[in-house]
Every structure is written in C-alpha cells, then in structure tokens.
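Heads up, the sequence shown is in numbering that gives the first Met the number 0, so the first residue is 0 and it goes up one at a time.
Just so you know, even glycine gets a beta-carbon here, dropped at the ideal spot from N, CA and C.
Values in this document were obtained by computation on a predicted structure and should not be read as measured data.
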Amino acid sequence: MIPRGYALALAAALLLGALPACSKTAPATLCNSQTLSVSGGAYTLQNNEWGSTAPECITTDGSASFTVATSSIANATSGAPGGYPSLYKGCRWGACTSGSGFPIQVSGILAGTVTMSWRTTQPGDSNVYNVACDIWFNKTPTAQGHPNGAELMIWLNHSGPVHPAGHLITSNVSIGGRSYDVWGGRMSGWKAISYTMTSGTTSVSNLDLQPLVADAVSRGFIESSWYLIDVEAGFEIWQGGVGLATKSFSVSVAGN
Numbered sequence: 000m001i002p003r004g005y006a007l008a009l010a011a012a013l014l015l016g017a018l019p020a021c022s023k024t025a026p027a028t029l030c031n032s033q034t035l036s037v038s039g040g041a042y043t044l045q046n047n048e049w050g051s052t053a054p055e056c057i058t059t060d061g062s063a064s065f066t067v068a069t070s071s072i073a074n075a076t077s078g079a080p081g082g083y084p085s086l087y088k089g090c091r092w093g094a095c096t097s098g099s100g101f102p103i104q105v106s107g108i109l110a111g112t113v114t115m116s117w118r119t120t121q122p123g124d125s126n127v128y129n130v131a132c133d134i135w136f137n138k139t140p141t142a143q144g145h146p147n148g149a150e151l152m153i154w155l156n157h158s159g160p161v162h163p164a165g166h167l168i169t170s171n172v173s174i175g176g177r178s179y180d181v182w183g184g185r186m187s188g189w190k191a192i193s194y195t196m197t198s199g200t201t202s203v204s205n206l207d208l209q210p211l212v213a214d215a216v217s218r219g220f221i222e223s224s225w226y227l228i229d230v231e232a233g234f235e236i237w238q239g240g241v242g243l244a245t246k247s248f249s250v251s252v253a254g255n
C-alpha cells in the first residue's frame, strides 16, 4: 500500500508533468548601442545611444516593452538628442525582424494596411525628451545602410523646449481625425517630415499610418514608388529620461 502523503505527492508531480512548462525570459539590461531580439523575434529593442557618452541604460523582460533605468544624458536642447531607446519592426540599417510584412510600396499603403498601438509612461518634470515614432522610407525595397528616401516622425508628446528638425510648415491640421503641427526639412541624404500631436497623449491604439503617409506624399516628402521598410517607437532624450517606459508596442500589417 502506498502511503497517503506519498500518493498525493506523486499525483501532484504527475499533474505538473502533464502541464506545459512556463518559462520567462530573464530580465536584460541594454546600454550604449546594444540591441536585443524580443517578443519571439517580432521586434528588436535598441538602446541606440548615439549622441552622448553619458551613462544611459534600459531594461526589458523580453517582451515588446522597456524602461529607461538610468540616464545622465545632458545634451543642449538646441542640438541633437543623446539617444533614441526604442523598439522597431521591419529592417533598420539592414538588420531585420522576422515576418514583419515589410517592405511595402507606398502606393500600396491603403486605409488599415499598417496600424500601430503604443502605451507609454512619461515622467515629465525637468526631463527633456519626445515620445516619437520614427518611420523610414527607402527608394528601393531594401537598405543596407541609412535609408535614402524619407523619415516620417509622429510625436505623441514631448517634455521641455524641443521641436522636430526643420521648420514649421503648418499648425493645427486635421489628419486621420487628429490634430497635428507639421514640421519638415531636408536632411543629409533624406527628407524629414514630422507630425506633432497638438494634444499630447501617453498612448495610441490602432493608429492608422495611411492618412499621415498620404499627407507626406501630397507635400512632396515621400514618393509613391518608394518603400516603407521600418516602424520604430521610443524616446529621443536630451536630458534625464529615467522612468520613461514603453508598456506595450505593436505594429499590425494587413495580410501578415
């Protein structure tokens, strides 16, 4: 006869053995220009500290999320940010995520073709940063280096006296049901157009990129023959930034 206690323990062990094992990705810390494939390879997380050498790092649990854990960045607000910790889907400088659905030719971007959802935490206070999507277009389907077409930015919000590159084109224009100020200019080898939400927000859900892309085409910043190759979301940091966080990020491509 098997003792009652032993029988219960054996039954529990057998039950546990029959259940699928649960595993969690160990927390990771990225500093400088380190990157990490997250969410099963669907996204790449990049610390991307390119304009500063001050200590700055982010942490992640392996999902499409991250938190700025440390930052001593102290760049002048009249110049470039110290870095852009962010997540991306698609191909960035030749490094591609798996099964992204990109590239997509601009002429094929219809209503609902590419949508984005993003939830953030923004500390404000004396920190200087933006909360920005960076969307890249190339003249051909692939780019091994810097894209040669255009950069389209969407600023959900910002803290401090910073604004997009270039000059203000128009204010309070309604695009896709939201109000934006539009900035634009010519960079070194590509065009840049930015849409800053006139009412800042911490999150967007199923934001359709088509109306913004169509507006950029109508203003001559993007050509219909070019290709959307990459969608990124993160924080350009000029000063501070500890506590900035992406709680969740997703990009949906129709048919993918």
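- Taking all protein chains in view, the Cβ of GLY89 is crowded by 16 or more other Cβ atoms within 10 Å, so the residue is classified as buried.
- Per DSSP, reduced to three states, the secondary structure at SER99 is coil, with no helix or strand assignment.
- For GLN45, the enclosing beta strand (DSSP E) begins and ends at 42-45.
- The straight-line gap separating the alpha-carbon atoms of LEU109 and ALA53 is approximately 42 Å.
- Beta-bridge annotation (DSSP): VAL127 is paired with GLN238.
- Between THR66 and LEU206 the beta-carbon gap is near 22 Å, outside 8 Å, which marks them as no contact.
- Residues LEU151, GLY183, ALA215 and PHE220 of the same chain have their beta carbon placed closer than 6 Å to that of ILE192, with the five preceding and five following residues left out of the count.
- Nearest neighbour of PRO84 by Cα position, chosen from LYS138, GLY100 and ASP133, turns out to be ASP133.
- Counting only the Cα atoms, GLY50 lies some 23 Å from SER36.
- Counting other Cβ atoms within 10 Å of its Cβ, TRP237 reaches 16 or more and is therefore classed as buried.
- With respect to TRP117, SER202 sits close: the two C-beta atoms are nearer than 8 Å.
- In its chain, beyond the 5 residues on either side, ASN46, ASN47, GLU48, TRP49, GLY50, SER51, GLU55, ILE72, GLU235 and ILE236 have a beta carbon closer than 8 Å to the beta carbon of GLY82.
- If the five residues before and after LEU208 are omitted, its C-beta is found closer than 6 Å to the C-beta atoms of VAL113, all from its own chain and listed in chain order.
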